[in-house]
Amino acid sequence: MKKYSLLLLFAVIIMSCDNRRKDKIADDVATQTAQALKDSTTVQIIDSSYNFGKVTDGEKVEYSYRFKNTGTKPLVVVDATASCGCTVPQKPEKPILPGEIGFIKIVFDSKGRVGNAFKTITVMSNANPGFPQLILTGDVIAKQ
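Numbers 1 to 144, taken from the numbering used here, label the letters of the sequence shown in order.
Encoded structure:
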């Protein structure tokens, strides 16, 4: 009986450590977002939507949405998320200086996604007004 109690106690300790790490990550993102909003700038979206046309099931589509920092302070992209796990956005790691052009690169994996594709990418930054949702569309056709 002592072995089970000890094992249960050990499991609880391990799981509580993991929860604190997740809370810290969430707190870090919230802190970055608050700081970014305090030092806001403006952005011009060059590419807000992309239609990749037709691809065969299993192909990967890569595209980079362009935007320009039109403000007077560095543009910091805090986070970029997609509406589906099949689409992976990559945000710029460094701030985009005033007048510079930045990119949000996405990779869409069409495997198992036969049919019409409509994906959205949400970008969190210190731009005010904020980024509109970025749109990815196209058709995935079955392999023959």
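Yeah, the Cβ is synthetic: ideal placement off N, Cα and C, and Gly gets one too.
- Between Ala80 and Ile141, the C-beta spacing is not below 8 Å.
- The continuous stretches of beta strand (DSSP E) do not include Arg113, and DSSP gives it neither H nor E.
- Note: Gln44 is bridge-paired with Lys68 in the DSSP secondary-structure output.
- Per the Cβ contact rule, the stretch 69–76 is not in contact with the stretch 53–61 (fewer than 3 Cβ pairs under 8 Å).
- Check the Cα spacing between Arg66 and each of Cys84, Ile106, Phe52 and Ser83: the tightest is with Ile106.
- Taking Ser125 as the centre and dropping the five residues before and after it, the same chain places the C-beta of Ala36, Val43, Leu75, Val76, Val77, Val78 and Phe131 closer than 8 Å to its C-beta, in chain order.
- By the 16-neighbour rule on beta-carbons within 10 angstroms, Ile101 is exposed.
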